[in-house]
Amino acid sequence: MQKPVTLTTTRKKINLPIDKLLPFLIPIIVILLWQVSSTLGWLSSSVLPSPIAVLQDGIELTQSGELPKNLSISLYRATAGLIIGGSVGFILGFVNGMSNTFRLLFDSSIQMFRNIPHLALIPLIILWLGINESAKISLVAIGTMFPVYINTFHGIRSVDPDLIEMGESYELSKHQMFFKIIFPAALPQILVGIRYALGVMWTTLIVAETISASSGIGYMANNAEDFVDMETVVLCIVIYAVLGKISDLVAKSFESLLLDWQNTGRSNA
Amino acid sequence: MNNSMITIKNVNKTYENLTALHDVSLDIKQGEFIALVGMSGGGKSTLLRLIAGLEKPTSGSVQINSTDTKSLIQVMFQEDRLLPWMSVLDNLSFGSKDKNTKAHAKELLDLVELGDYADHFPNQLSGGQKQRVALARALMSHPKILLLDEPLGALDALTRRKMQDLILDICQKQNLTTILVTHDVEEAARMADRIVVMKDSTNSYEETCPKNRNAGQIGIVADRVLGEILEEPEVQQQTA
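Those sequence lines, one after another, are chains V and A. Positions 1 to 269 (the working numbering) are the ones given, in order, by the first sequence. Positions 1001 to 1240 (the working numbering) are the ones given, in order, by the second sequence.
Here it is in structure tokens:
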């Protein structure tokens, strides 16, 4: 009987500590240069406040409760919008991907609607829904729906027909065919859609909160601009960057968890 | 007593204006190993797909003579068609509803000498190993008929030879009715009881292979079949 080959991941790893630290190198260098420039007076605080000043502002706003309140409302809007938009996008992508009739009926209209920049809908949504929560959540939902739709649709449509035929030869039921073959085969593409949707989610929320809101990080930044509060403006931008990075990490973790088979490979043939 | 397992009668298959099969009739006995050979476009794979039930004939009939109706036929394709997100063991057991599926899958993995690879994913296996998993999967449902659609076409010569021996051994031990589609006439001459040449969309020639054949006999049969495929007049005269 043959012995199994030694298994390794296909991605070559550098020594572990360097591997972990390398992604933080450039942000750390940028922050250090930024701080040094501010301390030596090369960078005026009216142009860009120092990182320490921004950090202090963040601490003060946290202690006052303003930052946690605005952060939580922004997170709520983003999550609710993503869940609604992602679900609708997934269901439409699934239905159109699985059924030619539904595809012929819906896809052309959806593609037409997709080509309208969703941020152009802001005036219309304000007129319809005002500046309350449902307006901002709707905008995020519309923005996130299309990436999930497109990727779910194409993920399902591009499943290897050989695998479908194999499933048919094993007399799989429609339910088994979907859960054992079609969905796992489409999953990498669906996750790409979700990852892209996360980026759209934050962009949409920033714009929506800046234009029409009385709370949230975008509102905080807009309000700070009115008072020429540079520290808070920069703090809000940094918070968006951090939230975006956290979203990306969450998406990557999902990919690692659900697509672990992609990271396995043979060390020798 | 008629021990015919598959009866193909006057089968025609057309795709729009293209004739893939024309008036094909063939009788295949239980336990027989048939090789379908011929040039590309001769109708070999189409005939196999009709027998597998993956397509329907335009006219004529393909009759499977068995009281068993469930999982009677299994197909092994040139591409392994393993599900990359499932382990080897899960790839074997996913289509089965049997309670003892896992144990049976392990037995079959041992049979194809991959018992230690049950928890591996397909992308951790070589081409030959993947084809052995595909063979084990095809045997999972205890089929009576095994259809092999150029399953060894992408393998190197040595692996191919090992797989030929393995398939022959399994088919003989399990008394499987086997139909092999191949471009390799030597492979056909080595493995089959009977070789059917598919040419111009019909079965134009048949050659019964001697039992316990040696390398010389395999070569002679292969040359004769190749001659029929290529229509070499000299070889046809020798046959006559």
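Glycine included, each C-beta is placed from N, C-alpha and C at the ideal position.
Approximately 6 Å separates the beta-carbon atoms of Met1163(A) and Leu1155(A); this is inside 8 Å, confirming the contact. In the three-state scheme derived from DSSP, where H, G and I count as helix and E and B as strand, Asn1203(A) is classed as strand. Contact annotation: Glu1150(A) and Thr1178(A) have beta-carbon atoms that are not nearer than 7 Å.
In this structure the segment 1077–1095 of chain A touches the segment 1128–1142 of chain A; the number of beta carbon pairs closer than 8 Å is three or more. Going by C-alpha positions, Ile126(V) is about 14 Å away from Ile142(V). Separation of Leu1148(A) and Val1196(A) (C-alpha to C-alpha, rounded to the nearest whole angstrom) is 14 Å. Against chain A, a Cβ distance below 8 Å from Leu163(V) picks out Arg1081, Leu1083. Between the segment 163–179 of chain V and the segment 226–243 of chain V, the count of Cβ pairs shorter than 8 Å is below three; the stretches do not touch. Look at Tyr219(V) here: in three-state DSSP terms it is helix. Out of Gln111(V), Arg114(V), Ser138(V), Phe183(V), the CA that lies nearest to the CA of Leu124(V) is found in Ser138(V). Each residue's CA atom was taken as its position, placing Asp19(V) and Glu231(V) some 33 Å apart.
Between Ile1167(A) and Leu1111(A), the alpha-carbon positions lie close to 11 Å from each other. For Gly1043(A), there is no enclosing alpha helix (DSSP H), as DSSP marks it with neither H nor E.
Counting the other CB atoms within 10 Å of its CB gives Gly41(V) a total below 16, which places it among the exposed residues. At a cut-off of 7 Å, the C-beta of Trp202(V) has no neighbouring C-beta in chain A. Listed along chain A are Leu1083, Met1086, Phe1094, Gly1095, each with a C-beta nearer than 9 Å to that of Lys180(V).
Secondary structure within the segment 1094–1122 of chain A: the alpha helix (DSSP H) runs of 4 or more consecutive residues, fully enclosed, are 1101–1111 (chain order). When His1142(A), Phe1077(A), Lys1102(A) are compared, the shortest CA-CA separation from Gly1127(A) is found for Phe1077(A).
Trp261(V) belongs to the set of residues whose beta carbon lies under 7 Å from a beta carbon in chain A.
With the rule of 3 Cβ pairs closer than 8 Å, the segment 144–160 of chain V counts as touching the segment 189–203 of chain V. Excluding its 5 nearest sequence neighbours in each direction, Leu1072(A) has C-beta neighbours in its own chain below 8 Å: Ile1064, Ser1066, Pro1143, Lys1144, Ile1145, listed in chain order. With a beta-carbon spacing of about 24 Å, Lys1029(A) and Asn1012(A) fall beyond the 8 Å limit used to define contacts. The continuous alpha helix (DSSP H) containing Met201(V) extends over residues 183–211. Ser212(V) is a Cβ neighbour of Ile131(V), given a cutoff of 7 Å. Per DSSP, reduced to three states, the secondary structure at Val228(V) is coil, with no helix or strand assignment.
Residue contact with chain V for Val1075(A): present (Cβ-Cβ distance below 7 Å to some residue of chain V).
Shortest Cα-Cα distance from Gly93(V) to any of Ile239(V), Ile194(V), Leu43(V) involves Ile194(V).
For the 7 Å CB-CB criterion, Ser1141(A) and Leu1021(A) do not form a contact. DSSP places Arg77(V) within a helical segment (H, G or I) once states are collapsed to three.
Taking CB atoms only, Ser108(V) has no neighbour in chain A less than 7 Å away. The beta carbon of Gln1217(A) is closer than 7 Å to those of Pro1210 in its chain, skipping five residues each way along the sequence. Apart from the 5 residues on each side of it in sequence, Trp34(V) sits with its Cβ closer than 6 Å to the Cβ of Pro51 in its chain, given in chain order. Closest by C-alpha distance to Asp1080(A), out of Leu187(V), Asp260(V), Tyr240(V), Asp160(V), is Asp160(V). Annotation: Cβ neighbours of Ala1052(A) in chain V (cutoff 8 Å, chain order): Ser169. Under the Cβ criterion of 7 Å, Pro184(V) is counted among the residues facing chain A. Per DSSP, the continuous beta strand (DSSP E) segment holding Phe1033(A) begins and ends at 1033–1037.
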